[in-house]
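Participant: Per our numbering, residue 32 is the first one in the sequence shown, and the count goes up by one each step.
Ideal Cβ positions, reconstructed from N, Cα and C, are used throughout, including at glycine.
Computed from a predicted model, the values in this text were never measured in an experiment.
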Amino acid sequence: MTSQTASGPQADSGKAAALAAVATTIVAWASAFVAIRWVGRSYEPGTLALGRLLVGTLALGGMVAARRAWVTPTRREWGLLVLCGVAWFAVYNVALNAAEREVDAGTTAMLVNIGPILIAVFAGLLLAEGFPRWLLAGLAVAFAGAVLIGLGTSGEGGASVTGVLLCLVAAVTYAVGVLSQKPVLRRLPALQVTWLACAIGAVACLPYAPALVADVRDAPAGATAGLAYLGLVPTALAFSTWAYALARMDAGRLGVSTYLVPPVTIVMAAVLLGEFPRPLALLGGALCLAGVALSRRK
32 MTSQTASGPQ ADSGKAAALA AVATTIVAWA SAFVAIRWVG RSYEPGTLAL GRLLVGTLAL
92 GGMVAARRAW VTPTRREWGL LVLCGVAWFA VYNVALNAAE REVDAGTTAM LVNIGPILIA
152 VFAGLLLAEG FPRWLLAGLA VAFAGAVLIG LGTSGEGGAS VTGVLLCLVA AVTYAVGVLS
212 QKPVLRRLPA LQVTWLACAI GAVACLPYAP ALVADVRDAP AGATAGLAYL GLVPTALAFS
272 TWAYALARMD AGRLGVSTYL VPPVTIVMAA VLLGEFPRPL ALLGGALCLA GVALSRRK
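#1: Inspect the CB distances between the stretch 196-212 and the stretch 121-128 and report whether three or more fall short of 8 Å.
#2: In angstroms with no decimal places, state the Cα-to-Cα distance between Ala279 and Val102.
#3: Thinking C-alpha only, which one of Phe64, Ala96, Gly155 is nearest Leu261?
#4: Would you check if the distance between the CB atom of Pro223 and the CB atom of Val86 is smaller than 7 Å?
#5: Figure out for me which residue from Ala47, Phe153, Ala267, Gly71 has the closest Cα to the Cα of Leu89.
#6: Excluding the five sequence neighbours on either side, which residues of its own chain have a C-beta within less than 6 Å of the C-beta of Ala233, listed in chain order?
#7: Going by DSSP, what residue range makes up the alpha helix (DSSP H) through Ser288?
#8: Pull up the distance between the alpha-carbon of Val295 and that of Ala136, whole angstroms please.
#9: Just verifying my parser: in three-state terms, what is the DSSP assignment at Leu248?
#10: Just checking, does the stretch 97-114 make contact with the stretch 158-178 on the three C-beta pairs under 8 Å criterion?
#11: Just curious, the alpha helix (DSSP H) that Arg98 is in, first and last residue?
#12: Any idea what DSSP makes of Glu108, helix, strand or coil?
#13: Please report the residue range of the alpha helix (DSSP H) in which Val207 lies.
#14: Decide if the stretch 243-259 is in contact with the stretch 45-62; the criterion is three or more beta carbon pairs, one per stretch, under 8 Å apart.
#15: Rounded to whole angstroms, what's the CA-CA distance from Leu227 to Thr255? Just pull it up for me.
#16: Can you give the Cα-Cα distance for Leu258 and Ala151, rounded to whole angstroms?
#17: Label Thr56 either buried or exposed according to how many other C-beta atoms from any shown protein chain fall within 10 Å of its C-beta, with 16 as the threshold for buried.
#18: Let me know if Phe162 comes out buried or exposed under the rule of 16 or more other beta-carbons within 10 Å of its beta-carbon.
#19: Return the residue from the list Gly208, Leu50, Leu285, Pro308 that minimises the CA-CA distance to Ile231.
#20: One question on the structure: do Ser73 and Ala250 come within less than 7 Å of each other, judged by their Cβ atoms?
#21: What separation, rounded to the nearest whole angstrom, lies between the Cα atoms of Trp69 and Ala300?
#22: Which residue wins for smallest C-alpha separation from Leu318, given the options Ala221, Cys236, Gly181, Tyr205?
#23: For Thr289, tell me which candidate among Val195, Gly82, Gly116, Met141 has the shortest Cα-Cα distance.
#24: Have a look at Leu303, Val292, Cys229 and flag the residue whose alpha-carbon is nearest the alpha-carbon of Ser271.
#25: If you follow the alpha helix (DSSP H) that Val152 is in, where does it begin and where does it stop?
Set out below in structure tokens:
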């Protein structure tokens, strides 16, 4: 009786901590879409990605050193870490930064958050989990939403369609990152996994180093402060809280929580940037999220 009573509060505390981690991640990632839109006026997509990852790597490295808890990855885990770092931290960031030069922050957030559908598709292809009818229905609805977003932004010029495609690249690499990160978190500490993936992403972006030096020299102080914010909060903090939650929650259920990122992003962008998705793009974004919801039905 005593042990059962003690386990109840501990379980509740663990759930509360995981939910707090999810909430922190949602708000931080929503703010990232807005910050990228603003900082991207002074930094190129590649230099912004490298600068953000360097700041994040330094911050996470200090946290890892302070904890002094290191688990040596196996060869398979190193392979998954490299895949996660290159896909989610390097390619994702460069594609996202380039996309937000063409597409507003809210629309970008809605497109990128079709990631949970892609996670399920990749699981069906690579893990033989199959393709339930609700997944196929959700995929069709989300695709229709992406088409509407493309039509809704094409009035501003062909480059906006390119921005939509870049958002989809970001969504794909996000899905690859989640699927490659989850198995590693079964044995390695979440903070260590996040730091290693971030450092690998920074190494992959090192070709942008000379351009980063030039951008830091020429950019306004406020833009550079925004770059530092992106490295500290949406990268170091948010990816750590995401990994913490992912180690304690089902990946599918956790992915559903990202439904909240686009609405929060739209509100932040309206307040801070004075921008709002165009009506057709907003409808398409709603269809994308509806498609994600359909894909999660059993």
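Facilitator: Answer, in terms of the structure:
#1: yes
#2: Before going on, a small fix: residue 279 reads as Arg here, not Ala. One C-alpha to the other measures close to 18 Å.
#3: Phe64
#4: Residue identity check: residue 223 is Gln in the sequence provided, not Pro. No; because the gap between Cβ atoms is not below 7 Å, this pair is not in contact.
#5: Ala267
#6: Leu84, Leu85, Thr88
#7: Per DSSP, Ser288 belongs to no alpha helix (DSSP H) and is neither H nor E.
#8: 11 Å
#9: Leu is not the amino acid found at residue 248; the sequence shown has Arg there. It is helical.
#10: no
#11: 76-98
#12: helix
#13: 189-215
#14: no
#15: 24 Å
#16: 32 Å
#17: buried
#18: exposed
#19: Gly208
#20: yes
#21: 10 Å
#22: Gly181
#23: Met141
#24: Cys229
#25: 146-157
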